[in-house]
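Trainee: Respectively, the protein sequence lines represent chains Y and R.
For what it's worth, the numbering used here labels the leading residue of the first sequence as 1, then goes sequentially.
For what it's worth, the numbering used here labels the leading residue of the second sequence as 1, then goes sequentially.
Positions of the beta carbon are idealized from the N, C-alpha and C atoms, including for glycine.
One structure, as structure tokens, below. Some questions next.
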Amino acid sequence: MPSHGNVPAGREPVRGDATETGAGEEILKVHRLVKVYRGAATPAVDGIDFTVRRGEIFGLLGPNGAGKTTVISILCTLLRPTSGSVTLCSQDTQRSPARLRSLFGLAPQEIALYPSLTARENLHYFGSLYGLSGRVLRRRIEECLALVGLSDRGGTRIDTFSGGMKRRANLAAAILHSPRVLFLDEPTVGIDAQSRSLILENLKTLRDGGATIVYTTHYMEEAENLCERVAIMDRGKIVAEGSPRSLVAAMDGCVNLEESFLRLTGRHLRD
Amino acid sequence: MRTLLATIRKELLELRRDRAGFLVLLVMPMALVLIVALVQDNVMQATGETPIRVLLVDLDNGFLGQAVEKHLRLDGGLELIRKQGDREISEEAARKVVVDGDFRFCILIAPGTGAALREQVRRRAVESFVPASKPAKPAAPATVPGLVLHFDPAVQGAFRTAVVNSLQRVLLGIELREKGAALSDTFERKMGQEIVRFELDSEPVLTLREASDSGGRSSRRPTAAQQNVPAWALFGMFFIVVPVSGALIRERQSGTFRRLMTMPISLAGLLAGKVIAYILVCMAQFVLMVAIGSFALPLLGTSGLVVGPEWPVVGIIALSAALAATGYGIMVGVLARSYEQASVFGAVSIVIAAALGGVMIPVYVMPRSMQAVSVVSPLAWGLNAFQDVFVREGTLRTVGPNLARLALFSLATLSVAWWSLRKSRSGE
């Protein structure tokens, strides 16, 4: 077990039950990943390792500034790491980023849609860019709209949507091309319980359909219910990794993931 | 190709729904062309490029008024108005219309001027035959009421001088003719026999012909439409920098650009889609401007735009300018860090380039230092190319250097944008 980047100084990372990591095919492998932004004194990502298996929902948790979005950006080929490697579907993301881009989908933290276009027009554009066309594209648009509960609002402009509807449409745009791996950067932030519940149900449906999901969130309860495994990040390092249940069990006196999270990352405020 | 077509379609859809952008791109240049062409047509009238309307109040009602009218009409520089509606105009009414600004000039011929002129000329002719033994007497001062030229004090000095000179020349001709006739009569009487009739022709022997230099090609006099339609159409086309850069900034801020960069698409295809969509908009804008210049301006009483037989060259110039404008907009959108930065820098830089390029005032009236700087303005390249075709009957070969400059500018701006996007996509 590597001990270099997954530990705060002087501490061993908390490891959950190794048998819960599953025995499926490794679809994403992150090895000694480091990212130092130009001019920054400390690395945003500091030598982390983790592996995600096919059909798994893997949660990347951490306080603000922990390095979650930087990790997602590197996984999506948007950022070049300072050192280390990422292997996605057995291919190095730095060597062949263009070839890998059709294999994954990204739902960024922002509502990455064109506000003056309707949901259907947005999906038509992104679907076309993924190489879908004609009947296949139209079918996928309707399937994705149905999955996120927007079938009857497909002809409505995005700028008239509520926050929850926008988040659901944002997810629909990421799954149009049936990606093998789905990267979700805080997909449920700032929305009501109903929309969040629907999105989480959708993620389970996608997982059941064979998709692998890597997602970041601040909602511990959400991660506890949804993820097979989580990695808790703090200051660019992974401070704990395993199934939510095993991480709770590993911390004396903790009854849920949020308590374990606070114990691991501390209660002081982050910028 | 799929990226290209999908992006063109998406950009046009977005533009169609952007009302503010629509106003900036179509309505603003349209209004500018109409207003500025009409205003400048008036200025051109006021500076002598078109006949000047002059009120002629002839209270003398004799040969003098008729002669003045005849010669000024032949001169062509002034358009004489004798009546207001069906009525003759009184001296008082004439002064009022000048004060009110309805006419810039009014020529007033006082009663008895013609008769007094003939009497003076006859007297001087007689007095000019002096016996050799007697010393010559100085000529008696003129007592002819004369003509008065009333003018609006707001009239520019050069323009007033031009009208005064034109009128002086006509009066000199009339006076010369009268003097010739008087001299002939006096000779006849003094010699006691009929001599060959002595008549002076007032028409000039030495003439000055105006010829504008157009490199051996024929040329047209520039009208307000020929100056303003291409100038403001170019300004409108380059103003596309505001919506283009704004759209790119919004894409970056909303995260859509982040999403696009993770997709299996080529950066060149994405950029080309945007460029083509905005070029289509620029060309639509240009066609609209030309239509306004050709059809709407004549309806408003000013001369219209004459495109001439070289319309394919005009189309190529417009296409080159559209490419340059779009390339610049994309570069600003890629390099700017915020919408405010892009819109302010984009708009201000275009206004400066337009001012330097001769869109607002012709380059030749600028100070030498500014003229030297104006050669770096893409709007100057476009405007020079248009003027070459519209006024100097230029061809593709003559506008070639300016087209090359526009093409190089487009290549440079798009390369900077592509390089910057490529750098950000590779996460460097």
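1) Cα separation between T21 of chain Y and G59 of chain Y?
2) Pick from R:K83, R:R53, R:S90: whose alpha carbon is nearest that of F103 of chain R?
3) Using a Cβ cut-off of 8 Å (strictly closer), state whether A6 of chain R contacts chain Y.
4) Measuring CB to CB, does Q120 of chain R end up less than 8 Å from V144 of chain R?
5) I'd like the list of long-range same chain contacts for S116 of chain Y, defined as Cβ closer than 8 Å, with 5 residues on each side in sequence excluded.
6) Spatial neighbours of K274 of chain R within its chain, please: C-beta separation below 7 Å, excluding the five flanking residues on both sides.
7) Would K423 of chain R count as contacting chain Y if we go by Cβ distances under 8 Å?
8) So who's on the other strand from K91 of chain Y, going by DSSP bridges?
9) Grab the span of the alpha helix (DSSP H) containing C282 of chain R for me, first residue to last.
10) With distance defined between alpha-carbon atoms, name the residue in R:Y328, R:G346, R:L147, R:M283 nearest to S415 of chain R.
11) Using three-state DSSP, classify C144 of chain Y as helix, strand or coil.
12) Would you mind giving the Cβ-Cβ distance between V314 of chain R and V389 of chain R, rounded to the nearest angstrom? I have them listed as a contact below 8 Å.
13) Is there at least one Cβ from chain Y nearer than 8 Å to K10 of chain R's Cβ?
14) Please tell me whether G329 of chain R has its Cβ less than 8 Å away from any Cβ of chain Y.
15) So for L12 of chain R, helix, strand or coil by DSSP?
16) Would you report the Cα separation of A342 of chain R and R95 of chain R, rounded to the nearest angstrom?
17) Output, in chain order, the set of chain Y residues within a Cβ distance shorter than 7 Å of L383 of chain R.
18) So for L5 of chain R, helix, strand or coil by DSSP?
19) What does R17 of chain R reach in chain Y if we use C-beta pairs closer than 7 Å?
20) When the Cα atoms are used, what is the spatial distance from Q94 of chain Y to V45 of chain Y?
21) Report yes or no: is there a C-beta of chain R within less than 8 Å of the C-beta of E121 of chain Y?
22) Kindly list, in the order they appear in chain Y, the residues whose Cβ is closer than 8 Å to that of G255 of chain R.
23) Could you tell me whether the Cβ of G5 of chain Y comes closer than 8 Å to any Cβ of chain R?
24) Is it right to say H4 of chain Y is buried, meaning 16 or more other beta carbons lie within 10 angstroms of its own, or is it exposed?
25) Distance, Cα to Cα, L262 of chain Y vs E224 of chain Y?
26) Out of R:M261, R:Q227, R:R177, R:I240, state which residue places its alpha-carbon closest to the alpha-carbon of A284 of chain R.
27) Between P81 of chain Y and the rest of its own chain, which residues show a CB-CB distance below 8 Å, the 5 nearest in sequence each way excluded?
28) On the criterion of 16 or more Cβ atoms from any shown chain inside 10 Å, does D152 of chain Y qualify as buried, or is it exposed?
29) Below 7 Å between beta carbons is the criterion; list the residues of the region 233-259 of chain R that meet it against any residue of chain Y, in chain order.
Mentor: In brief:
1) Confidence is the limiting factor: at T21 of chain Y the pLDDT is only 48, short of 50, which leaves the residue's position unreliable, though a coordinate-based value still follows. The straight-line gap from Cα to Cα measures roughly 13 Å.
2) Just measuring C-alpha positions, the residue of R:K83, R:R53, R:S90 sitting nearest F103 of chain R is R:R53.
3) Taking Cβ atoms only, chain Y reaches closer than 8 Å to A6 of chain R, which makes this a yes.
4) Cβ distance < 8 Å, so Q120 of chain R and V144 of chain R count as in contact.
5) Taking S116 of chain Y as the centre and dropping the five residues before and after it, the same chain places the C-beta of R157, I158, D159 closer than 8 Å to its C-beta, in chain order.
6) Excluding five sequence positions before and after K274 of chain R, the CB atoms of its chain that fall closer than 7 Å to its own CB belong to T7, E11, I330, given in chain order.
7) So, not an interface residue.
8) Sequence inspection shows Gln at residue 91 of chain Y; the Lys mentioned does not correspond to that position. DSSP, once it has assigned bridges, lists Y:L88 as partnering Q91 of chain Y.
9) Taken as a continuous stretch (DSSP letters only), the alpha helix (DSSP H) holding C282 of chain R covers 267-291.
10) When each option's Cα is compared against that of S415 of chain R, the closest is R:Y328.
11) C144 of chain Y: helix per DSSP, three-state reduction.
12) By a beta-carbon distance limit of 8 Å, V314 of chain R contacts V389 of chain R. Their separation comes to about 6 Å.
13) Yes, contact with chain Y.
14) Interface flag for G329 of chain R against chain Y is unset, since no Cβ pair is found closer than 8 Å.
15) Reduced to three states, the DSSP call for L12 of chain R is helix.
16) Approximately 55 Å between the Cα atoms of the pair.
17) Within chain Y, not a single residue places a beta-carbon under 7 Å from that of L383 of chain R; the smallest gap is close to 34 Å.
18) DSSP places L5 of chain R in helix when its eight states are reduced to three.
19) Scanning chain Y for C-beta atoms nearer than 7 Å to the C-beta of R17 of chain R yields S116, reported in chain order.
20) Approximately 17 Å, taken between the alpha carbons.
21) With 8 Å as the cut-off, E121 of chain Y counts as an interface residue toward chain R.
22) Within chain Y, P108, Q109, E110, I111, A112 have C-beta atoms less than 8 Å from the C-beta of G255 of chain R, given in sequence order.
23) Bear in mind that the predicted position of G5 of chain Y carries a pLDDT of just 49, short of 50, making it too unreliable to give a figure here.
24) Residue confidence for H4 of chain Y is low, a pLDDT of 43 falling below 50, so the modelled location carries little weight and cannot support an answer.
25) Approximately 14 Å, taken between the alpha carbons.
26) Out of R:M261, R:Q227, R:R177, R:I240, R:I240 has the C-alpha closest to the C-alpha of A284 of chain R.
27) Only L33, V34, K35, V45, I74, Q94 meet the Cβ criterion.
28) Counting of Cβ neighbours within 10 angstroms places D152 of chain Y among the exposed residues, the total staying below 16.
29) Cβ contacts with chain Y: S254, G255, T256, R258, R259.
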